[in-house]
Amino acid sequence: MSLLALHEEAFSSEEGCYDWFVDNGASTHITNDSNYFSNFEVFESPHGVTAANGKILPAIGKGTLKIMTKVKGEKQFKELKEIWLVPGISKNLFSTLTTHVNNKNTKFESIAEECGLKINNKAVLYSTRKESGVLYKVHMEVLIPNNPTEVNWAASDDSLLQL
1 MSLLALHEEA FSSEEGCYDW FVDNGASTHI TNDSNYFSNF EVFESPHGVT
51 AANGKILPAI GKGTLKIMTK VKGEKQFKEL KEIWLVPGIS KNLFSTLTTH
101 VNNKNTKFES IAEECGLKIN NKAVLYSTRK ESGVLYKVHM EVLIPNNPTE
151 VNWAASDDSL LQL
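With full-length UniProt numbering applied, the sequence shown corresponds to residues 1 to 163, in that order.
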C-alpha cells in the first residue's frame with residue numbers, strides 16, 4: 001500500500017519536527033515519532049509512503065495519538081486514530097481525506113492564510129500558513145503518554161528492519 005503526499009515541502013530534510021501540517025494529498029495521518037502513540041500495532045505486511053521525489057519510505061505500523069487542539073482560544077482534547085509511523089518522513093502530516101472518511105459530517109474550509117475543520121458544524125481544528133508557505137501548520141499538540149508504546153526498528157540507507 002502506498003500514499004502520495006501532494007507537496008514536496010512535506011518531505012524536506014528538517015530534523016525533529018514537532019509541528020503538524022495539513023496535507024490534502026496524504027491519504028492517512030503520518031508521524032515519525034514513536035513516542036506519540038498511546039497504542040500501536042505493527043503492520044503484518046510491508047507498507048510504504050511514496051514521497052514527492054518518488055522514494056518509498058517504509059511505514060512500521062499504525063496507532064492512536066491523544067491531542068489537544070486550540071480553536072479560537074478554546075482547548076479541545078481529541079484522539080487521532082490510524083496514524084501511520086513513518087520514520088523517514090520529516091514532517092507530521094494531518095490528512096484531510098482521512099478525517100472526511102472517518103467523520104461523515106466534516107467540512108474543511110481554507111483561505112490563503114488559514115484553514116479549519118468542522119465536525120457537525122463545530123470547529124475542531126485551526127491551521128495557519130505563512131504567505132510564502134505551502135502547508136498549513138495545525139494549531140495542535142500531541143499529548144505524549146507517560147508510558148508510550150515501545151516501538152523498535154533499525155534502519156540502513158535502503159531498508160528498515162522491525163525488531
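The beta-carbon is built from N, C-alpha and C at its ideal position, and this holds for glycine as well.
These numbers were taken from a predicted model, which means no experiment stands behind them.
Based on DSSP bridge pairs, tell me the residues matched to residue i.
| i | result |
| --- | --- |
| isoleucine 56 | Thr50 |
| asparagine 39 | Thr64 |
| tyrosine 18 | Answer is none; tyrosine 18 lacks a bridge partner. |
| glutamate 113 | Paired residues: none, contrary to the question. |
| alanine 26 | For alanine 26, which the question treats as bridged, DSSP gives no partner whatsoever. |
| isoleucine 83 | Gly63 |
| threonine 128 | Glu114 and Lys137 |
| leucine 93 | Phe21 and Ile30 |
| valine 71 | Glu74 |
Within a Cβ cutoff of 8 Å, which residues of the same chain sit near residue i, ignoring the five residues on either side of it in sequence?
| i | result |
| --- | --- |
| valine 71 | Gly116, Ala123, Val124, Leu125, Tyr126 and His139 |
| asparagine 147 | none |
| asparagine 102 | Lys81 and Glu82 |
Which residues in the same chain as residue i place their Cβ atom closer than 6 Å to its Cβ, once the five residues preceding and following it in sequence are excluded?
| i | result |
| --- | --- |
| threonine 98 | Thr28 and His29 |
| serine 38 | Thr64, Lys66 and Pro145 |
| lysine 81 | Thr64 |
| phenylalanine 77 | Met68 |
Please state the DSSP three-state secondary structure of residue i.
| i | result |
| --- | --- |
| threonine 31 | strand |
| valine 101 | helix |
| isoleucine 144 | coil |
Are any of the Cβ atoms in chain B nearer than 8 Å to that of residue i?
| i | result |
| --- | --- |
| glutamate 82 | Structure shown: chain B not included; a single protein chain is present. |
Which residues in the same chain have their Cβ closer than 7 Å to the Cβ of residue i, if we skip the five residues on either side of it in sequence?
| i | result |
| --- | --- |
| alanine 59 | Phe43, His47, Gly48, Val49, Trp84, Leu85 and Val86 |
| asparagine 105 | Ile119 and Asn120 |
| serine 95 | Asp23, Ala26, Ser27, Thr28 and His29 |
| threonine 31 | Ile83, Leu85 and Asn92 |
| leucine 143 | Lys66, Ile67 and Met68 |
| glutamate 141 | Ile67 and Met68 |
On a Cα-Cα basis, can you pick out the residue from the options that is closest to residue i?
| i | options | result |
| --- | --- | --- |
| glycine 61 | Lys130, Glu41, Ser90 and Tyr136 | Glu41 |
| tyrosine 136 | Ser45, His100, Asn103 and Asn92 | Asn92 |
| glutamate 79 | Tyr36, Leu57, Lys130 and Thr128 | Tyr36 |
| serine 132 | Gln76, Ala52 and Ala112 | Ala112 |
| valine 151 | Phe77, Asp33, Asn53 and Lys130 | Asp33 |
| lysine 55 | Glu74, Gly73 and Gly88 | Gly88 |
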